[in-house]
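One structure is given here, and the rest of the page talks about it.
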Amino acid sequence: MEYKAPIESYSGVVREITIGKGEKALKIGGENILPFHFFDEGSLPNPPIFALEVWDMEPTDWPEWVLEPFNDVVSDPAKWARKCQELGANTVSLSLISTDPAEKDTPAREAAALTKKVAEAIGIPLIVYGSGDDKKDAEVLPQVAEVCDGMNLLIGPVLKENYEVVGKAILNHGHSAIAQTPLDINLLKELNVKLCKFFPADRIVIDPLSSALGYGIEYSFSLMERVKQIGVIVKDGMTQMPMIANLGGECWKTKQAKESKEQGLLWEGITALSFLLAGANILILRHPESLKLVKETIGGEIWQK
Amino acid sequence: MVIIGESIHVISKAVSTAIKERDAKPIQDLAKAQADSGADYIDLNVGFLRKDPEETMQWVVNTVQEVTDLPLSLDTMNPVAMEAGLKVCKKRPLLNSASGKTDSKEQMLPLAKKYNCDVVISVFTDKGMPSEAESKIESIMDTVAYANEVGIPNEDIWADPIILPVSTAGEGQKLAVSNIEFMKIIQDVLPGIKSTVGLSNVSNGVPVELRPILNRTYLMMLARHELYSVIVDVLDKELMSMCKGEMPNIVDLIYRTMDGEDIDLSSLSQKEIDYVKTTKVLTGETLYSDAWLES
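Protein chains in written order, with the working numbering: chain H, -7 to 297; chain D, 2 to 296.
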């Protein structure tokens, strides 16, 4: 008897989300298949995109080989961002680390002005991450949203502690939101339910937190896999958002990445590949060489299917 | 359904203080309130009782027996305390509980035989807590076989599949489903056996105002598959009313949701909608979140 491979067909669709405005606009999500299941019925209209990370201050704790490609620009985030674009990033992720009260406690207004400058310096969309301090972010991110009114940045992290104030500012000024919860599918869904009471679901990206290879990657992997499965197979509207894997920082703080450049590149590359397989739609890396490595490993043809 | 009142539990500060200070009133008040609310048994969860196990257990048993004739469910892991309590029970008590763990099996089951009482046997074993329905059944069959050899018939055994919180990230909902499966099979593989569950644990960790609806819904789902008994908050009036069969419409909705019927929510009251949504969480159809009633 001839073997016939089973072909699955699912009715759930990941929401298609646009980030950036006008010529800079990029679409993510929109798939109704599981990651790389091109043999099933359905499609992935928008292949995953890659961001390189830029800081709003000169990093002091990055290994020298991560800073090396940017040595001439680290003091100027706008130039740094432009360089990321030249090096092949689809989008830039600006981390407002210096606003953290434990760092320089940079005022919200300064951070917002800088964000606008960076966004205007590049021809690709901008992702903005606050410091993660929920109280400070509740000041910084609304300012960023206001100053960059209408630019459709992707702004986060929107947390359960500050989703109302941050979410409303993002909404009112025409941006999209990154909803972040700590590695737990029940909490992730709860935040989306609460956010969606006033925020459109098709402007939300899920950040489930991305642990590095060897440092809990299994948890992030199974969680992303499950979010995608529940969205596509079970059709739960509260998990049908694209996902972002902010993994660069997690990889480059590992002992292994600090020991040698080669190890670091592999660490970041393999972590990124794993999250692609788990279903991430946006991946944030730090090193242009590991970005290249990931792209070469997958090849371009597969996305054409 | 045989209802066991759970309120006398050392986890409650009032109860543990009363036991420590030998203050009969708070304990007797709880016993009376539960008896008045329709409990069939009063559970006495006294903890392990490292200090004065015999004297303490007997004091608690006698204190409660002064105000109620209901049979007691003696709830301790300490076999010395257990035996002391069994000695002074006036009505045939329930030994709560034994398990497949070696210590428990070897110490508790002979006591159940010696004092000719009913005994709760849970699915725990030395290897831990089985999570799939099949492995729960396997584990309980082993322990029941052991109990039969000791001389305890199936009819005196109340099997407990162990309920865990449904809100546990990722796994909780699967575990909730596995207990329903367990209930479907248990009578076929161990004819004559009874069953019981510690219901409230299903909603452990859930915001406190949302716990009752989870408890009630899950109880009706288990009861559909012949759950014999339940350890429960008998002071929850709506739950007791459901147990007495006074809310057939809600129960019918729960059953239809379990059967996968696509129920038109627009024709339902808010309360009915909440029960449908809760059933969907407990069957695993909807992913759990603390906001399950809001989406």
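For each residue, glycine too, the CB sits at the ideal point set by N, CA and C.
- Of the candidates H/Ala(-3), H/Asp199, H/Ala161 and H/Lys71, H/Asp199 places its Cα closest to the Cα of alanine 171 of chain H.
- Within a 10 Å sphere around the beta-carbon of serine 267 of chain D sit fewer than 16 other beta-carbons, which makes this residue exposed.
- Taking the beta carbon of tyrosine 289 of chain D as reference, the chain H residues within 7 Å of it are Asn178, listed in sequence order.
- Here DSSP, grouped into helix, strand and coil, assigns isoleucine 122 of chain D to strand.
- Under the DSSP definition of a beta bridge, methionine 235 of chain H partners with H/Ile198.
- Within chain D, the residues Thr287 and Leu288 have their CB atoms less than 8 Å from the CB of aspartate 228 of chain H, given in chain order.
- If you check each beta-carbon in the region 243 to 265 of chain H against every beta-carbon of chain D, none falls closer than 7 Å.
- Around the beta carbon of arginine 51 of chain D, fewer than 16 other beta carbons sit within 10 angstroms, so the residue counts as exposed.
- The beta carbons of aspartate 126 of chain H and asparagine 154 of chain H sit about 5 Å from each other, so the pair counts as a contact at 8 Å.
- Shown here for lysine 26 of chain D: same chain residues with a beta carbon closer than 8 Å to its own, the five before and five after excluded, namely Ala19 in chain order.
- Inclusion of valine 120 of chain D and isoleucine 153 of chain D in the CB contact set at 8 Å is warranted, their separation being smaller than that value.
- Glycine 241 of chain H has its alpha-carbon roughly 11 Å from the corresponding atom of proline 51 of chain H.
- Residue pairing by DSSP puts lysine 19 of chain H in a beta bridge opposite H/Thr10.
- Between valine 120 of chain H and valine 136 of chain H, the C-beta gap is smaller than 8 Å, which places the two residues in contact.
- By DSSP's assignment, threonine 77 of chain D forms no beta bridge with any residue.
- In this structure, DSSP gives lysine 227 of chain H a state outside helix and strand, which the three-state scheme calls coil.
- Taking C-beta atoms as the reference points, asparagine 273 of chain H and methionine 235 of chain H count as a pair closer than 8 Å.
- The Cβ neighbour count for alanine 82 of chain D, taken over all protein chains shown within 10 Å, is at least 16; the residue is labelled buried.
- Contact annotation: asparagine 184 of chain H and histidine 167 of chain H have beta-carbon atoms that are not nearer than 8 Å.
- Think of a sphere of 7 Å around the beta carbon of glutamate 295 of chain D: the chain H residues whose beta carbon falls inside it are Val185, in chain order.
- Contact annotation: in the region 202 to 214 of chain H, residues whose CB is within less than 9 Å of a CB in chain D are Ser214.
- When rounded, the separation of the alpha-carbon atoms in serine 282 of chain H and proline 39 of chain H is 18 Å.
- By the 16-neighbour rule on beta-carbons within 10 angstroms, aspartate 92 of chain H is buried.
- The beta strand (DSSP E) runs lying completely inside the region 241 to 292 of chain H and spanning 3 residues or more are 274 to 277, given in chain order.
- Counting the other CB atoms within 10 Å of its CB gives tryptophan 259 of chain H a total of 16 or more, which places it among the buried residues.
- When rounded, the separation of the alpha-carbon atoms in tyrosine 229 of chain D and glycine 271 of chain H is 45 Å.
- Remark: C-beta atoms of valine 226 of chain H and valine 6 of chain H do not approach each other more closely than 8 Å.
- Boundaries of the beta strand (DSSP E) around lysine 195 of chain D: 195 to 199.
- In chain D, no part has a C-beta under 9 Å from the C-beta of glutamate 138 of chain H; the shortest such distance is about 29 Å.
- For alanine 103 of chain H, DSSP records no beta bridge to any residue.
- Contact check for valine 203 of chain D against alanine 170 of chain D fails: the beta carbons are separated by 8 Å or more.
- For leucine 95 of chain D, there is no enclosing alpha helix (DSSP H); the residue is found in the beta strand (DSSP E) stretching over 95 to 101.
- Closer than 8 Å to the CB of alanine 292 of chain D there is at least one CB belonging to chain H.
- Within 10 angstroms of the beta-carbon of phenylalanine 49 of chain D lie fewer than 16 other beta-carbons, which makes it exposed.
- The three-state reading of DSSP puts glycine 86 of chain D in helix, counting H, G and I together.
- Approximately 6 Å separates the beta-carbon atoms of serine 202 of chain H and asparagine 238 of chain H; this is inside 8 Å, confirming the contact.
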